[in-house]
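**Q** Numbers given in the working numbering equal positions in the sequence shown, counted from 1, plus 1. By construction, the Cβ of each residue, glycine as well, lies at the ideal position given by its N, Cα and C atoms.
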Amino acid sequence: MSDQPHRSRKPGKPYRRPQKDPVRMLAFEALRAVDERDAYANLVLPPLLRKAREKEGPDKFDGRDAALATELVYGTLRRQGTYDAVISACVDRPLREVDPPVLDVLSLGVHQLLGTRIPTHAAVSASVDLARVVLGDGRAKFVNAVLRKVAAHDLDEWLDKVAPPYDDDPEDHLAVVHSHPRWVVSALWDSLGGGRAGIEELLAADNERPEVTLVARPGRATTEELLREEASAAGRWSPYAVRLTEGGEPGAIDAVRDGRAGVQDEGSQLVALALANAPLDGSDALWLDGCAGPGGKAALLAALAAGRGAALLASEKQPHRAGLVAKALAGNPGPYQVIAADGTRPPWRPGTFDRVLMDVPCTGLGALRRRPEARWRRRPEDLDGFGPLQRGLLRTALESVRVGGVVGYATCSPHLAETRAVVSDVLKQYPQAELIDARPLLPGVPELGDGPDVQLWPHLHGTDAMYLALIRKTG
Numbered sequence: 002m003s004d005q006p007h008r009s010r011k012p013g014k015p016y017r018r019p020q021k022d023p024v025r026m027l028a029f030e031a032l033r034a035v036d037e038r039d040a041y042a043n044l045v046l047p048p049l050l051r052k053a054r055e056k057e058g059p060d061k062f063d064g065r066d067a068a069l070a071t072e073l074v075y076g077t078l079r080r081q082g083t084y085d086a087v088i089s090a091c092v093d094r095p096l097r098e099v100d101p102p103v104l105d106v107l108s109l110g111v112h113q114l115l116g117t118r119i120p121t122h123a124a125v126s127a128s129v130d131l132a133r134v135v136l137g138d139g140r141a142k143f144v145n146a147v148l149r150k151v152a153a154h155d156l157d158e159w160l161d162k163v164a165p166p167y168d169d170d171p172e173d174h175l176a177v178v179h180s181h182p183r184w185v186v187s188a189l190w191d192s193l194g195g196g197r198a199g200i201e202e203l204l205a206a207d208n209e210r211p212e213v214t215l216v217a218r219p220g221r222a223t224t225e226e227l228l229r230e231e232a233s234a235a236g237r238w239s240p241y242a243v244r245l246t247e248g249g250e251p252g253a254i255d256a257v258r259d260g261r262a263g264v265q266d267e268g269s270q271l272v273a274l275a276l277a278n279a280p281l282d283g284s285d286a287l288w289l290d291g292c293a294g295p296g297g298k299a300a301l302l303a304a305l306a307a308g309r310g311a312a313l314l315a316s317e318k319q320p321h322r323a324g325l326v327a328k329a330l331a332g333n334p335g336p337y338q339v340i341a342a343d344g345t346r347p348p349w350r351p352g353t354f355d356r357v358l359m360d361v362p363c364t365g366l367g368a369l370r371r372r373p374e375a376r377w378r379r380r381p382e383d384l385d386g387f388g389p390l391q392r393g394l395l396r397t398a399l400e401s402v403r404v405g406g407v408v409g410y411a412t413c414s415p416h417l418a419e420t421r422a423v424v425s426d427v428l429k430q431y432p433q434a435e436l437i438d439a440r441p442l443l444p445g446v447p448e449l450g451d452g453p454d455v456q457l458w459p460h461l462h463g464t465d466a467m468y469l470a471l472i473r474k475t476g
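Given below as structure tokens:
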């Protein structure tokens, strides 16, 4: 073998093979799935983490590795708008001309530089190594050059450079600083009713990692049982809620594995509880969840109904989602039925139910903490598609409930076009229905506004931004 150095090597700089970093490889795979397949990170990450543990071994891919991979994926997706603005300032072409895989590697690198405590040299080196493995040497040099420009400033300095001054363009300033599309900033601001402090707090809350919240399904599990888990605390508002304060794996908890408890945001629990506790005259024997998938609210409603000797019908249009509902309700102590049916063309007779919940399909702008990629996928024109469906489902709910019964109209979106506008439009067609004050049915929950409907907020209540209007049929 020749003693001469390889001709591609420079004297004094030995060639270093790029290291395959399993954590960053996993994060890159997740971002590619989100980009290429319109997948959701919360659905993509768990199987990737399982696969990594099997491949690398539990000793090599430990809890810290999983936590870092999760932070890299979610942090990059949440701050995508801000990071795109920073990258744009460091490249000599429009971002749309940068290949998406290259942009994903750059975004992961920028998040490590500006959004974590990873040392600068380690963030750049690891990102360049990742680029060599997944993109090749040529594009790795481009990644290296861009990230070294990014590393010249911290996040605050970059925001001063790339965000327009607030006084010149408040919405665009907030969009860049807090990484939300401008139209979402505008819609959320309208829903809040103005004021800079509130919108800044809300947008910042959307970029925080939410706690995992469990529900102890009544008659099947208790909060005391769940509170015996490590790093857990009682819920803030729901008597059935327990928070996993340091993350944790819900599937490792016996009650969750057995279906006696589940993962459910506290706002979702409050919506179900408010409907279940709304005052009612006459019979209280048959309840309907008209948009039941994937089953969280239905499971809580079914357990509450069982405690009163009532039955729940859970209806879901999509058969595969109806299957998820059936799984969530399996083992419920009282009578229930799950069907696959179109809520706008119901198979049941009018006036059948005493209580009806319609948690309608929506843009999901209230759950951006959990699904950060949704903010970049949604468009204002999506509202035009949801509006007629939402109105149709609320009309079905009002037709399905008996006189004296109660309907709960809920969305996981605070957008006024999906909340008050829908309720107002439908009630104009139903003079025999009236709004009832939902606020007393959320005891102890502060800052619920002027009523009679309720809007929950991440920055005020620590929940998803759930909306609820309660309507009584009077004739």
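Would you say A368 faces chain C, with C-beta separation under 8 Å as the test?
**A** The structure shown contains no chain C; it holds only a single protein chain.
**Q** Please identify the residue among L461, R378 and G194 whose C-alpha is closest to the C-alpha of L39.
**A** Looking at the sequence itself, residue 39 is Asp, so the reference to Leu does not match. Closest option to D39, Cα to Cα, is R378.
**Q** Quick one: Cα of P12 to Cα of A123, how far?
**A** Confidence in P12 is poor, its pLDDT being 41 and thus under 50, which makes the residue's placement unreliable; the coordinate value appears in the next sentence. Going by the C-alpha atoms only, they are around 24 Å apart.
**Q** Is it a yes or a no for the region 106-114 touching the region 387-404, going by three-plus beta-carbon pairs under 8 Å?
**A** No, the region 106-114 does not touch the region 387-404.
**Q** With three or more C-beta pairs closer than 8 Å as the rule, is the region 86-102 touching the region 209-227?
**A** Cβ pair count under 8 Å is below three, so no.
**Q** In chain order, what residues of the same chain lie with their CB nearer than 7 Å to the CB of V185, ignoring the 5 residues before and after it?
**A** So the qualifying residues of the chain are L366 and R376.
**Q** Under three-state DSSP, which class holds W159?
**A** DSSP places W159 in helix when its eight states are reduced to three.
**Q** Would you identify the three-state DSSP class for F62, choosing helix, strand or coil?
**A** Three-state result, F62: coil.
**Q** Check whether the Cβ atoms of A323 and G294 sit closer than 8 Å, and answer yes or no.
**A** For A323 and G294, yes; Cβs fall inside 8 Å.
**Q** Is P373 buried or exposed, if buried means 16 or more other CB atoms sit within 10 Å of its CB?
**A** By the neighbour-count rule (16 or more Cβ atoms within 10 Å), P373 is buried.
**Q** Quick one: using the 10 Å Cβ neighbour count with 16 as the cut-off for buried, is L44 buried or exposed?
**A** Flag for L44 reads exposed.
**Q** Give every residue of the same chain whose Cβ lies closer than 6 Å to the Cβ of V446, excluding the five residues on either side of it in the sequence, and list them in chain order.
**A** Here the set comprises W238.
**Q** What did DSSP end up calling D4 once you bin it into helix, strand or coil?
**A** Low confidence applies here, because D4 scores a pLDDT of 37, under 50, leaving its location unreliable; read the following figure in that light. Of the three classes helix, strand and coil, the one that applies to D4 here is coil, per DSSP.
**Q** For R371 and P336, I'd like the C-alpha separation in whole angstroms.
**A** Going by the C-alpha atoms only, they are around 32 Å apart.
**Q** Taking the alpha-carbon positions, what's the R244 to L32 distance?
**A** Approximately 28 Å, taken between the alpha carbons.
**Q** Using DSSP's beta-bridge definition, name the partner residues of D451.
**A** According to DSSP, which records beta bridges pairwise, D451 is partnered with nothing at all.
**Q** Hey, would you say S192 sits closer than 8 Å to L417, going by beta carbons?
**A** Yes, the pair counts as a contact, with Cβ atoms nearer than the cut-off.
**Q** Can you list the beta strand (DSSP E) stretches of 3 or more residues lying completely in the region 376-437, in chain order?
**A** 402-412 and 434-437, all fully within the region 376-437.
**Q** L27 and A53: beta carbons closer than 8 Å?
**A** Yes. Within cutoff.
**Q** Ignoring anything shorter than 3 residues or poking outside the region 232-286, list the beta strand (DSSP E) runs there in chain order.
**A** As far as the region 232-286 is concerned, its whole beta strand (DSSP E) runs of at least 3 residues are 233-235, 242-245 and 262-264.
**Q** Near D4, what residues of its chain come up, given a Cβ to Cβ distance below 8 Å and the 5 sequence neighbours on each side ignored?
**A** Bear in mind that the predicted position of D4 carries a pLDDT of just 37, short of 50, making it unreliable; the figure below should be weighed with that in mind. Here the set comprises nothing.
**Q** State yes or no: is the C-beta of H460 within less than 8 Å of the C-beta of A206?
**A** For H460 and A206, yes; Cβs fall inside 8 Å.
**Q** Taking only runs that begin and end inside the region 297-353, name each unbroken alpha helix (DSSP H) of 4 or more residues, in chain order.
**A** List check, alpha helix (DSSP H) in window: 297-308 and 320-330.
**Q** Looking only at its own chain, which residues have a Cβ that is under 8 Å from the Cβ of V103, when we skip the five neighbours before and after it?
**A** Contacts found: A132, L136, R140, F143 and V144.
**Q** What is the residue span of the alpha helix (DSSP H) that I119 lies within?
**A** Per DSSP, I119 belongs to no alpha helix (DSSP H) and is neither H nor E.
**Q** Hey, D438 and P415: beta-carbon distance below 8 Å or not?
**A** No.
**Q** Could you please give me the residues that DSSP links to K474 through a beta bridge?
**A** A434.
**Q** Return the chain-ordered list of same chain residues with a C-beta closer than 6 Å to the C-beta of D66, the five sequence neighbours on each side being excluded.
**A** Excluding positions up to five away in sequence, the list reads V24.
**Q** Provide the residue span of the beta strand (DSSP E) that contains L215, from first to last.
**A** Unbroken beta strand (DSSP E) run through L215: V213 to A217.
**Q** Round the Cβ separation of L358 and D290 to the nearest angstrom and send it over; I've been treating them as touching at under 8 Å.
**A** Between D290 and L358 the Cβ distance is about 5 Å, and since that is below 8 Å, they are a contact.
**Q** Please state if the CB of A434 and the CB of L443 are separated by a distance shorter than 8 Å.
**A** Not closer than 8 Å, so no.
**Q** Straight-line CA distance for T246 to T214?
**A** Near 9 Å, if we compare the C-alpha coordinates of T214 and T246.
**Q** Take V424 and list the residues in its own chain whose beta-carbon comes closer than 8 Å to its own, dropping the five residues that flank it on each side.
**A** Excluding residues within five positions, the ones whose Cβ falls inside 8 Å are L395, Y410, L436, D454, A470 and I472.
**Q** On the premise that C292 lies in contact with Q362, defined as a C-beta separation below 8 Å, what is that separation, rounded to the nearest angstrom?
**A** The question names Gln, but residue 362 is Pro in the sequence shown. Going by Cβ atoms, the distance from P362 to C292 rounds to 7 Å, so yes, they are a contact pair.
**Q** Do W288 and A256 have their CB atoms nearer than 8 Å?
**A** Taking 8 Å as the Cβ cut-off, W288 and A256 do not qualify as a contacting pair.
**Q** Taking only the alpha-carbon atoms, compute the straight-line gap between R79 and L369 and give it to the nearest angstrom.
**A** Distance between the alpha carbons of R79 and L369 is about 8 Å.
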